[in-house]
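Everything below concerns the one structure shown next.
Protein chains in written order, with my numbering: chain C, 77 to 135; chain L, 442 to 915.
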């Protein structure tokens, strides 16, 4: 169960990193406004900091 | 913090402090990739990139200088640091103690600790600029030496106090937050660059159809070259190359990372340092410099290098969070390391108290914006100060036996202060300072001849010194 939770958090964390970067790339190509980019990055940041502590393996 | 917490913290950091690393503790290649990529994407990158623009750097000089300089830094780790680290598998301090003796290592610790304090001060300065966006107080300008508003003083004291207390209480927690934040931070830096680039494209309605158009934009609007801003040194290709090579000089040529590579199974693992160099010292510097160039493009009179407002303009609250976390997570271990360095001088003092005092000194240093605004010079000075000891270690390992001299002389002769090493350090620094002062060699370049001076001096001085003290050998 713990393993499943960790893997799920890891996948969500990875998705949040993609969401973090993607808006700025779309902004570069003129597909998003800067305001939209900022809000999407904020959402992705929250998601990352919620999921990453569970998803990252203890070293 | 309990004594047990102290000892747990200390033991986790000083594992195998006075012994060779056993095979079971060796680490794989991926560990080093992660460590270098995370460690070299820090708050100070947000100062260095803009300072390049303030120094009037041109596009070709910046890109080519960073490519070559970072490659030289990686090669320095591969060919100078890692081969010794993986052969002897000792910490820098233990190895230095065997060569130089305990008292000289104490002096080295003091110098290292003081420099760590100033570096942490610059990181506190960076974090405090984020508070300026929220609370809208007057922040320092590019050429300010002293704090210029009460709001700034309060912000630095608050940030410094939080960082210092956390460093003293919960090093492990912050180290964990730093690990979690590292991939996020790298991508936020990349986003800064992409957003800044688009802002430049839109600013003058530039049409970018191909790579040629992009390069034209880069050299005519972003990194235009020309005169530096008032009070700044003009940066050419050579400045950029030497700066990016030597900005971590204390770690590679200065051999601080012996303590890291003693854990590597193979010496070629040092190539992992490329992850840190090309993520932190290439991509992050370029991204940060684009943000500042855009600020100058909008208003050429607005020359303030303030990471908080720069990041906020590009990425809003995420940008501010990045500035705070980048400054905090790097200032924290820096203060802790400085505390450890000072504690080595007074081993009976509480690490908790020493870390708090160290944090207080770093906070005081952070009040003065001159350290952050002159970060390019400070980083060069930091590398130069510790470089001679790196040369001593190099010569001691590779050349002493070839010249029929004893390596690890302090240990073998049971002395506390190896004057050959001590004089090498002092005379090399004096030579470097004289070259800067009277020969017109800028501080960014002087460490290269300095390394050869130090190597030659250590051999010559050891020859005389060991001959006179041969009776002490055990």
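Ideal Cβ positions, reconstructed from N, Cα and C, are used throughout, including at glycine.
query, result
"Segments assigned beta strand (DSSP E), at least 3 residues, entirely inside the region 468-500 of chain L", "none"
"Contact list for the region 750-766 of chain L against chain C, Cβ threshold 7 Å", "756, 757, 758, 759, 762"
"Beta-carbon proximity list for residue 443(L), same chain, < 6 Å, skipping 5 on both sides", "No answer about residue 443(L) holds up, because its pLDDT of 39 lies below 50 and its placement is not dependable."
"Cutoff 8 Å: residue 632(L) Cβ touching any chain C Cβ", "yes"
"Any chain C beta carbon closer than 8 Å to residue 521(L)", "no"
"Contact check, residue 492(L) vs residue 877(L), beta carbons under 8 Å", "no"
"Rounded C-alpha distance that separates residue 448(L) from residue 830(L)", "At residue 448(L) the pLDDT is 42, less than 50, meaning the model places this residue with poor confidence and gives no usable figure here."
"Positions along the region 633-653 of chain L whose CB lies within less than 9 Å of some CB in chain C", "633, 634, 635, 636, 638, 639, 640, 642, 643"
"For residue 665(L), the residue or residues it bridges with in DSSP", "499(L)"
"Outcome for residue 624(L) when other beta-carbon atoms lying within 10 angstroms are tallied against a minimum of 16", "buried"
"Partners in chain C for residue 584(L), counting only beta-carbon separations shorter than 8 Å", "Simply none; closest approach about 31 Å."
"Residue range of the unbroken alpha helix (DSSP H) whose run includes residue 83(C)", "78-104"
"Minimum Cβ-Cβ distance from residue 739(L) to chain C less than 8 Å", "no"
"Given 8 Å, three or more beta-carbon pairs between the region 625-632 of chain L and the region 809-825 of chain L", "no"
"Counted within 10 angstroms of its Cβ, other Cβ atoms place residue 77(C) as buried (16 or more) or exposed", "exposed"
"Residue 857(L) beta carbon less than 8 Å from that of residue 850(L)", "no"
"Neighbouring residues, chain L, relative to residue 83(C) (Cβ below 8 Å)", "The contacting residues do not exist; residue 83(C) stays about 17 Å from chain L at best."
"Helix, strand or coil at residue 444(L) according to DSSP, with G and I counted as helix", "For residue 444(L), the predicted structure reports a pLDDT of 40, less than 50, and the residue's modelled location is therefore unreliable. The matter cannot be settled from this model."
"Three-state secondary structure (DSSP) of residue 782(L)", "helix"
"Rounded Cβ spacing between residue 813(L) and residue 563(L) (contact assumed at less than 8 Å)", "4 Å"
"Chain C within 8 Å of residue 732(L), Cβ atoms only", "no"
"8 Å Cβ cutoff met for residue 769(L) and residue 507(L)", "no"
"8 Å Cβ cutoff, residue 100(C) in contact with chain L", "yes"
"Proximal chain C residues relative to residue 624(L), where beta-carbon distance stays under 7 Å", "93"
"Span separating the alpha-carbon of residue 600(L) from that of residue 569(L)", "6 Å"
"Limits of the unbroken alpha helix (DSSP H) element including residue 804(L)", "792-808"
"Within chain L, the residues that residue 126(C) reaches when beta carbons sit closer than 7 Å", "Under the 7 Å cutoff, chain L gives no residues; its nearest Cβ is about 11 Å from residue 126(C)."
"Minimum Cβ-Cβ distance from residue 97(C) to chain L less than 8 Å", "yes"
"With 16 other Cβ atoms within 10 Å as the buried cut-off, status of residue 469(L)", "exposed"
"7 Å CB neighbourhood of residue 704(L) in its chain, flanking five on each side removed", "462, 466, 467, 468"
"Nearest-angstrom beta carbon gap, residue 677(L) and residue 818(L) [assumed within contact, 8 Å]", "About 16 Å; that fails the 8 Å criterion."
"Neighbourhood of residue 716(L) by C-beta, 7 Å cutoff - its chain only, sequence neighbours within 5 removed", "474, 477, 478"
"Option in 702(L), 545(L), 811(L), 711(L) with minimal Cα separation from residue 587(L)", "811(L)"
"Residue-chain proximity (residue 117(C), chain L), Cβ-Cβ < 8 Å", "yes"
"is_contact[residue 104(C), chain L] using C-beta, thresh 8 Å", "yes"
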